[in-house]
Amino acid sequence: MKKIILTGDRPTGNLHLGHYVGSLKNRVKLQENSDYDEMYVFIADTQALTDNFNNPKKVRDSVLEVAIDYLSVGLDPTKVTIFIQSMISALPELTMYYMNLVTLSRLERNPTVKSEVKQKDFGSSIPVGFLNYPISQTADITAFDATIVPVGDDQLPMLEQAREIVRSFNNIYGDTLVEPKAVIPDNEVCRRLPGTDGKAKMSKSLGNCIYLKDDSETVKKKVMSMYTDPNHLRVEDPGNTKDNPVFIYLEALANDDHFKKYLPEYKNLDELKAHYEKGGLGDVKVKRFLYDVIEDTLTPIRSKRKYYEENIDLVLDILKKGSVKANEKANETLKRVKRAMLIDYFE
Ligand code: ATP
Ligand code: MG
Numbered sequence: 060m061k062k063i064i065l066t067g068d069r070p071t072g073n074l075h076l077g078h079y080v081g082s083l084k085n086r087v088k089l090q091e092n093s094d095y096d097e098m099y100v101f102i103a104d105t106q107a108l109t110d111n112f113n114n115p116k117k118v119r120d121s122v123l124e125v126a127i128d129y130l131s132v133g134l135d136p137t138k139v140t141i142f143i144q145s146m147i148s149a150l151p152e153l154t155m156y157y158m159n160l161v162t163l164s165r166l167e168r169n170p171t172v173k174s175e176v177k178q179k180d181f182g183s184s185i186p187v188g189f190l191n192y193p194i195s196q197t198a199d200i201t202a203f204d205a206t207i208v209p210v211g212d213d214q215l216p217m218l219e220q221a222r223e224i225v226r227s228f229n230n231i232y233g234d235t236l237v238e239p240k241a242v243i244p245d246n247e248v249c250r251r252l253p254g255t256d257g258k259a260k261m262s263k264s265l266g267n268c269i270y271l272k273d274d275s276e277t278v279k280k281k282v283m284s285m286y287t288d289p290n291h292l293r294v295e296d297p298g299n300t301k302d303n304p305v306f307i308y309l310e311a312l313a314n315d316d317h318f319k320k321y322l323p324e325y326k327n328l329d330e331l332k333a334h335y336e337k338g339g340l341g342d343v344k345v346k347r348f349l350y351d352v353i354e355d356t357l358t359p360i361r362s363k364r365k366y367y368e369e370n371i372d373l374v375l376d377i378l379k380k381g382s383v384k385a386n387e388k389a390n391e392t393l394k395r396v397k398r399a400m401l402i403d404y405f406e
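Counted from 1, the sequence shown has number 220 at position 161 by the numbering used here; the numbering is strictly sequential.
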């Protein structure tokens, strides 16, 4: 079986450090080790519209921003097909057929949908399109015969639902669709990076993000005002590093070289943590170090971003060519699906 990698992001704003450690870094690594047959990365504008249908401008503007974020972190359009979801007309068609295979209660039980419904305050007035998005996500995945989907852990229930739909489809119509597997980061803290406010997830919709596009001044402000251990009032007090986003970010981003370069009095993160837990280490010092580490990560990304911002035509061309290629692939799958469902009348 071919090894086909696919992932996407919603154009609801710029990409942030959570995306970087949870998914983007993994994608670039996968792209580079070239142990795959095809790789697709897409901008999920149709999905973004399910809960932003009244704000089309935000979605439209974010498409280009996300594309620039992709290219800035090192996704390479000669290796990866980058496309826009709404340009692929086979996707809503596949969604329509898969809808028959899923019950309303199954959708309502999906834990990620549940928490998002709460977060978005939909109450009992959930838009049908929103509730349906796990099904449309299954169309995205199966249209490309994806076997591997690198994501953060909030997407695991989506992948589970996709696998159920694939099994159910294949059971009824014969072996047609490929079952995908989620790949989450090895480093546990990267699977769901918390927000700068200490909330469980850094998320565009929650406004608690450090964006890949933030300039140094903005990053500094955000880091210096980050939530830490609320009981660590004086430097001498023993501190908690476990639920402390400052230490979690260090866990996700800092390596021993960063210590050598910026904080040589500690060998590694374990030593720094031990000191904080014992007492006698102030938050400001740790935050300054975190700022240096984030800057180290973001500086090369920013300089690439500048290049693409000055060459928007190039970005548009990449998206256009990627969408043409993705369309061909998805149309083939749609043909196969329609044949299996006996609705291939004039073939
Ligand atoms: P929105 O708030 O609009 O849903 P988001 O910030 O959750 O935006 P998505 O576009 O929904 O971002 O997610 C894209 C990918 O990034 C998914 O694979 C998701 O698991 C991953 N991801 C998003 N936020 C985080 C995070 N804080 N930590 C780890 N991975 C994340
Ligand atoms: Mg999300």
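Even for Gly, the Cβ is constructed at its ideal location relative to N, Cα and C.
Does DSSP put residue i in a helix, a strand or coil?
i	result
Y335	helix
E406	coil
N126	The sequence shown places Ala at residue 126, rather than the Asn named in the question. Here A126 sits in helix by DSSP.
E368	helix
D273	coil
D94	coil
H317	helix
V240	Note on residue identity: the sequence assigns Lys, not Val, to residue 240. The answer is strand: DSSP assigns K240 an E or B state.
I64	strand
Y407	Since the first residue shown for the chain is 60 and the last is 406, residue 407 is missing from the structure and cannot be characterised.
K209	The sequence given here has Pro at residue 209, not Lys. P209 falls in the strand class under three-state DSSP.
V225	helix
I185	coil
T140	strand
F101	strand
C249	helix
M158	helix
K384	helix
L322	coil
I231	helix
Rounded C-beta distance between residue i and residue j? I'm assuming under 8 Å.
i	j	result
L393	A149	4 Å
F348	Y367	The pair is not a contact, with the Cβ atoms about 30 Å apart (cut-off 8 Å).
S121	G188	Rounded, the Cβ-Cβ distance is 18 Å, inconsistent with contact.
F101	I127	That belief does not hold up - the Cβ atoms of F101 and I127 are roughly 15 Å apart, past 8 Å.
G211	S131	Not a contact, Cβ separation roughly 19 Å.
E310	V248	5 Å
T300	K332	5 Å
T171	D213	5 Å
M283	K346	6 Å
S227	L160	5 Å
E97	K61	7 Å
Y156	V374	Incorrect: roughly 33 Å between the Cβ atoms, too far for contact.
So, at 8 Å on beta carbons, what are the nonlocal neighbours of residue i in its own chain, with the 5 sequence-adjacent residues on each side left out?
i	result
E354	S275, V278
K240	T206, I207, V208, L218
A202	I147, A149, L150, L153, K388, A389, T392, L393
K384	T140, F142
I371	L123
Identify, in the order they occur along the chain, each residue of the same chain with its Cβ nearer than 7 Å to the Cβ of residue i, setting aside the five sequence neighbours on each side.
i	result
S145	D104, T105
I269	H75, L76, T255, V278, K281, I353
P186	T109
G84	Looking at the sequence itself, residue 84 is Lys, so the reference to Gly does not match. Taken in chain order, the list of residues that qualify is empty.
T356	L312
K179	D110
V87	V132, G133, L134
P253	A259, K260, M261, P304, I307
For residue i, count the other beta carbons within 10 Å of its own beta carbon; 16 or more makes it buried, fewer makes it exposed. Which is it?
i	result
M285	buried
A405	In the sequence on display, residue 405 carries Phe and not Ala. It counts as exposed.
V294	exposed
R168	exposed
D306	As written in the sequence, residue 306 is Phe, which differs from the Asp given in the question. Buried, since its Cβ has 16 or more Cβ neighbours within 10 Å.
D204	buried
D199	buried
I231	exposed
N111	buried
E124	buried
L401	exposed
R69	buried
T140	buried
N267	buried
L271	buried
L236	buried
S195	buried
L89	buried
P323	exposed
N314	exposed
N246	exposed
CB-CB under 6 Å to residue i, same chain, minus the five flanking residues each way: which ones, in chain order?
i	result
N9	As shown, the chain starts at 60 and ends at 406. That puts residue 9 outside it, with no answer to give.
D342	T287
G338	E295, D296, P297
N386	I147
G67	F101, A103
H334	L340
Checklist entry - Would you call the segment 136 to 150 and the segment 371 to 382 touching, i.e. three or more CB-CB distances under 8 Å? => result Because the criterion of three Cβ pairs below 8 Å is met, the segment 136 to 150 and the segment 371 to 382 touch.
Next on the checklist: Taking 8 Å as the cut-off, does the segment 246 to 265 touch the segment 68 to 84 (at least 3 CB pairs, one atom from each stretch)?
Outcome noted: Cβ pair count under 8 Å is three or more, so yes.
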